[in-house]
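Under our numbering, the first residue of the sequence shown is numbered 23, with each subsequent residue one higher. Here is the structure we will look at, set down as structure tokens.
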Amino acid sequence: TGDLAAKAKATKTALVVGTTGLDDGAHRALQDAASVVPVVFAPNFSVGVNVLFHLAREATRLLGSDYDAEIVEMHHRHKVDAPSGTAVRLADVVREAKGVGNDALVYGRQGQVGARKADEIGVMTLRGGDVIGDHSLILAGEGERLELGHRAGDRGLFARGAVRAALWTRGQEPGFFGMEHVLGI
Numbered sequence: 023t024g025d026l027a028a029k030a031k032a033t034k035t036a037l038v039v040g041t042t043g044l045d046d047g048a049h050r051a052l053q054d055a056a057s058v059v060p061v062v063f064a065p066n067f068s069v070g071v072n073v074l075f076h077l078a079r080e081a082t083r084l085l086g087s088d089y090d091a092e093i094v095e096m097h098h099r100h101k102v103d104a105p106s107g108t109a110v111r112l113a114d115v116v117r118e119a120k121g122v123g124n125d126a127l128v129y130g131r132q133g134q135v136g137a138r139k140a141d142e143i144g145v146m147t148l149r150g151g152d153v154i155g156d157h158s159l160i161l162a163g164e165g166e167r168l169e170l171g172h173r174a175g176d177r178g179l180f181a182r183g184a185v186r187a188a189l190w191t192r193g194q195e196p197g198f199f200g201m202e203h204v205l206g207i
């Protein structure tokens, strides 16, 4: 990704990147390219997932600290990273909306973990079968629960979102953008 970013900068070609798990050097290369060309970076190009991020931010903000947040993601048995980049982004969205730090994130639970801490955000990972990608946010309050989710049934949706992002870069000024910019949310 770093080499691709350097080539995009040198050739003044807009860049759309969906690779997750990048090291700091690759992130710096993308930021550097964004000084010359538009760069759209997203952990997931699904339009629906990006709307989920927006809804999650708003729901978390509106419901406030009286609601506990849990994120559950599931992918096929061959996926090697956990949690997924999409789940990590969803956790960041919720964390930012709650105004808490990374220490609020709890990845899985096992054993005698004690009572839930205030503003804790649970992130659970499931792997099995041929699941393309399921992501859910559960906001649980006293006597009620709100669930927001997205289920990918076709891998083509990621390509359609990436094409939409690429078309959006036409005529854009240089900068570092996400799908929220592409979608106007």
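By construction, the Cβ of each residue, glycine as well, lies at the ideal position given by its N, Cα and C atoms.
With a threshold of 16 other CB atoms inside 10 Å of the CB of residue i, please say whether the residue is buried or exposed.
| i | result |
| --- | --- |
| THR82 | buried |
| ALA32 | exposed |
| ARG192 | exposed |
| ARG111 | buried |
| HIS100 | exposed |
| GLY18 | This structure gives no information on residue 18, because the portion of the chain shown stretches from 23 to 207. |
| VAL135 | exposed |
| ASP90 | buried |
| ASN124 | exposed |
| LYS139 | exposed |
| ALA78 | buried |
| GLU166 | exposed |
To the nearest angstrom, how far is the alpha carbon of residue i from that of residue j?
| i | j | result |
| --- | --- | --- |
| GLN53 | GLY150 | 36 angstroms |
| ARG117 | VAL39 | 24 angstroms |
| ALA188 | LEU26 | 15 angstroms |
| GLY70 | SER57 | 29 angstroms |
| ALA137 | LEU37 | 46 angstroms |
| PHE75 | VAL115 | 7 angstroms |
| ALA30 | PRO105 | 30 angstroms |
| VAL59 | ALA113 | 29 angstroms |
| VAL61 | ASP103 | 24 angstroms |
| GLU164 | ALA119 | 20 angstroms |
| ASP88 | ALA162 | 8 angstroms |
| PRO196 | LEU168 | 39 angstroms |
| GLY121 | GLY86 | 10 angstroms |
| ARG177 | GLY43 | 20 angstroms |
| ASN66 | HIS157 | 12 angstroms |
| ALA181 | SER68 | 8 angstroms |
| ASP45 | ALA51 | 10 angstroms |
| GLU95 | GLY133 | 21 angstroms |
| VAL153 | THR147 | 13 angstroms |
| ALA174 | LEU205 | 19 angstroms |
| PHE198 | GLU80 | 23 angstroms |
Would you kindly check if the distance between the Cβ of residue j and the Cβ of residue i is under 7 angstroms?
| i | j | result |
| --- | --- | --- |
| HIS97 | GLY155 | yes |
| ILE93 | LEU179 | no |
| THR23 | THR41 | yes |
| GLY107 | VAL128 | no |
| MET201 | ALA64 | yes |
According to DSSP, residue i sits in a beta bridge with which residue or residues?
| i | result |
| --- | --- |
| PRO60 | GLY197 |
| LEU37 | VAL61 |
Would residue i count as contacting chain B if we go by Cβ distances under 7 angstroms?
| i | result |
| --- | --- |
| ARG182 | Absence of chain B from the displayed structure is noted, only one protein chain being present. |
Those runs of the beta strand (DSSP E) which lie wholly inside the stretch 77-154 and span at least 3 residues: Taken in chain order, the complete beta strand (DSSP E) segments of 3 or more residues contained in the stretch 77-154 are 90-97, 127-129 and 143-149.
Any beta strand (DSSP E) of 3 or more consecutive residues that is wholly inside the stretch 152-202: Taking only runs of at least 3 residues, the beta strand (DSSP E) segments lying wholly in the stretch 152-202 are 155-163, 166-174 and 197-199.
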